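Protein chains in written order, with our numbering: chain H, -10 to 338; chain W, -10 to 338; chain Z, -10 to 338.
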């Protein structure tokens, strides 16, 4: 047995996940921990060279290192081309998802036309509408609300108090955190005589497999067509995804991002915290948007894009800010000086 | 009969909403759809000239066009001065709000002093406090919480899990989406010896008629006086409206906007996504704030206002950013050069 | 008796809170109100000189003023070094927290291993998990969800629909507003072959005493270690605090702030609305971040920091914006001119 009562041997870990083990295969670890606080039963990791110094005094039972760090410590170590991904897998091994007891809580209100497999869990005070289809082993947390016709894929996990409006579709292995709202009306309003008329939002939200959505994030339903989130997308907390947005597979967005209506974002993109992407623009695959950046135009080429005003001490900023409003004046002055200098040069003997 | 079993004739639509019909009055349509996917039973629309090309291959039963586009297609068409508003009305005709069966769900907890007309709907697990007054045909979704003394106007619709704190007033035909919190305490804190003392927030939130508020948007109660949202205001998702803000009638705000305490915003304004409006400032009627703009001072004149750092490829940004911190140096240098040139000019023969 | 049936005498107020009273000690006031609308039973205050004019026509029974404003009115007045804090205390005296009747609502689902003192209140439809410990006189609002092992300190108040994930700890006298989510998973993802692997988030959120958290704010649990919010921190609405952030005691943040992972913020800091603080940076004590500022680097010195693009009329902005993208060109041109002028100066007789 390589899985001991209290953990896994390093040998078992390498057998399962690959990598090169340097040190005793029989060392047993049972939890992950940071370099600074790890003890003998822990396995730790180093991915950021900034923390290499912590490796010197580390008391972990073992560490996961980049292959380039082979000699950075004498501790038992596993070398990997991708130590952070390796660590993620080891941590998942030690920290499996809490197993729920399947079944429908006696206080859940489930429409008789809903399909709930015996392997699924429906929490207390959840409300499940007409025609809802829940996948195998899915967990719907307490107080969640699923509107009519919602579909939830196998092995998905909704934390308490998620709301999904009618007709939206969520794939397999989704994780939706508390306060997420999927499928609320998009912001469709038409102006007539100074007043706004509501445009009915008759599209859905369709979410692929392996998508995680952070706490209090909102994804609006489409106006006519659907809002689409493809497989493997990861959204952090407090993000707003407007109607008819299309987010390509394996794109990740940090907290507080806003994506306006009908924006189309490619695959394998990253969007930094607080960035805003305007509506009706298109961003190709493999684009990285820096935190705090406002994307006002389509981006046709992979790469990193930024629009950040550098911060500074307020007094320094004040001095600068005055000029920020008058760059056109500076540019004009510069042109005048250029002319004068040409004039002077021309007049020279 | 102009209303057929499966839809409306174009004649019936024009009779109801006006506009000029070109084509067969007996064509029947039963749903709206985008130009690109509309079929014969659909009516579509064109408002953005960018999509005019899609009109060429459009298979819709009819389209709604601007009067200027009279000859842009041979399809049956309705010409309107305001095709988007026209479309909104047609869509509302085909997509009426889902009719709820009135009544109080057996699991709702309704205080005996609350007033709930027979035409209203109170959803499962809703909690309705002392003295609450609900209007005719109002719908309070499942899991909503209405504190003591809350008033909700006729025909209002609260989606599941809206929270309204005690004493707040919401007008007629309101639509509040899931996760909305109305009337939480404003951020009133006073500093004493380095610690913060809470300032009780004893005002209310008072919301007019025909207001829609998007998912997870928050509107705080006033510190002493009320926070006011006038008739016809439309707020998108994830917006924060602080205590004692006053938003004028028919103003619309896109997602992720933040409005700080005691800001007064006029009527018929628009605020773009992610914009921030600082506290204690006043904005007159008919002001448009661009997305991502930080409004730091009062605005006394109608018009469009912007404070956006243009985004660029990160490498280009890096080159620029260095100078952004040192504009005052550039300005100084420019002045020095000006002096030297005057000197040179003066010395010329 | 200095406390009358309907209020407090000024004498009683000064006896309790200090300050210098000028005027009749027997004047009775029973509520706070703004200068502009206060009547004879009200006590008002002036802290912003901008409103001094309102003092002239003020009809309040008394006012609270800075000692420097001793002669600004003939009204009965209390002079204080800190009139706003004084006002906060007087307002709290007149507006005590609504007293809940202790007890567990019959619809609350409380695990039998949870510890709920008789003085605590658990609202309707609340769900309280295994091993939860609730403090004396704590109030858990209706529809709240407390995961396994959560601890809540004495006298804390959770408004309806707060979610706290398993294992998180909240101190005494906390106020958590509706829609707050504490302890959702941090955004820990590792990239492997273009796909994201979830990194289990096994830390907790640990919150000190006297912390208030605004509506729909989210605080994520730590990846390995805990996310820490120290005593006396005040967070406004719609804030995102990422995993492993550490917020020092008595720091206050306005609405819509985002704090990225592992940022360490000192004590007695303030962060303006909509500011974003990037991850893995450190900010010392007594730093003030202006609204809308993006903090991209550690701050080692107390003071105020800003990165704001000043807003302007859109037409003016357009003129400027062109140059914003080409500051490096302007700087180059400036250098060239400098050289040419030196050349000209050198050539002069």
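Cβ atoms here follow ideal geometry from the backbone N, Cα and C, with glycine treated the same way. Model, not experiment: these values are computed from the prediction.
Taking C-beta separations shorter than 7 Å and ignoring five residues to either side along the sequence, the partners of residue 168/Z in its chain run 150, 204 and 205, following chain order. Between the stretch 45 to 57 of chain H and the stretch 152 to 169 of chain Z there are fewer than three inter-stretch CB-CB distances shorter than 8 Å, so the stretches are not counted as touching. Counted as a single uninterrupted DSSP element, the beta strand (DSSP E) harbouring residue 172/W occupies residues 170 to 173.
Counting the other CB atoms within 10 Å of its CB gives residue 192/H a total of 16 or more, which places it among the buried residues. When the Cα atoms are used, residue 307/Z and residue 312/H turn out to be separated by approximately 15 Å.
Looking from the CA of residue 179/W, the closest CA among 102/Z, 131/Z, 273/Z and 72/Z belongs to 72/Z. Under the Cβ distance rule, residue 296/W counts among the residues neighbouring chain Z, one pair being separated by less than 7 Å. Counting the other Cβ atoms within 10 Å of the Cβ of residue 66/H gives 16 or more, which makes it buried.
Under the criterion of beta carbons closer than 8 Å, residue 237/W and residue 262/W do not qualify as touching, at roughly 20 Å.
At a cut-off of 7 Å between beta-carbon atoms, residue 147/Z makes no contact with chain H. When rounded, the separation of the alpha-carbon atoms in residue 276/Z and residue 91/H is 50 Å. Pairing residue 122/W with residue 113/Z, the inter-Cα distance amounts to about 20 Å. Among the CB atoms of chain Z, none fall inside 7 Å of the CB of residue 143/H.
Between residue 312/Z and chain H, the shortest Cβ-Cβ separation is below 7 Å. Check the Cα spacing between residue 79/W and each of 144/H, 188/H, 221/H and 8/H: the tightest is with 188/H.
For residue 226/H, a Cβ of chain Z is located within less than 7 Å of the residue's own Cβ. Annotation: the stretch 241 to 294 of chain W contains the following complete segments of the beta strand (DSSP E) (minimum length 3 residues), in chain order: 276 to 278.
Annotated as proximal: residue 197/W and residue 220/W, with beta-carbon spacing under 7 Å. In the DSSP assignment, residue 0/H falls within the unbroken alpha helix (DSSP H) covering -1 to 6.
The criterion of a C-beta distance shorter than 7 Å is not satisfied by residue 100/W and residue 125/W. In terms of CA proximity to residue 37/H, 269/Z leads the group 105/Z, 269/Z and 20/Z. Close partners of residue 21/Z in chain W (Cβ separation under 7 Å): 213.
Taking the Cα of residue 162/W as reference, the smallest distance to any Cα among 223/W, 154/W and 215/W is reached at 223/W. Linking residue 279/H to residue 315/Z through their CA atoms gives a straight-line distance of about 19 Å.
Between residue 285/Z and residue 295/Z, the C-beta spacing is not below 7 Å. Residue pairing by DSSP places residue 181/W opposite 184/W in a beta bridge. Only exposed fits residue 56/W, as fewer than 16 other CB atoms lie within 10 angstroms of its CB. If you draw a straight line from the Cα of residue 89/H to the Cα of residue 165/Z, it is about 28 Å long. DSSP places residue 34/W inside the beta strand (DSSP E), whose first and last residues are 31 to 34. By the neighbour-count criterion, in which 16 or more other beta carbons inside 10 Å mark a residue as buried, residue 226/H falls on the buried side.
Taking the Cα positions, residue 336/Z is about 22 Å away from residue 324/W.
The alpha-carbon of residue 27/Z is positioned some 29 Å away from that of residue 274/W.
Cβ contact annotation for residue 43/H (same chain, cutoff 7 Å, sequence separation greater than five): 24 and 25, in chain order. For residue 71/Z, the residues of chain W that pass the 7 Å Cβ criterion are 181, in the order they occur in the chain. Between residue 303/W and chain H, the shortest Cβ-Cβ separation is below 7 Å. Of the candidates 257/Z, 119/Z and 0/Z, 257/Z places its Cα closest to the Cα of residue 293/Z.
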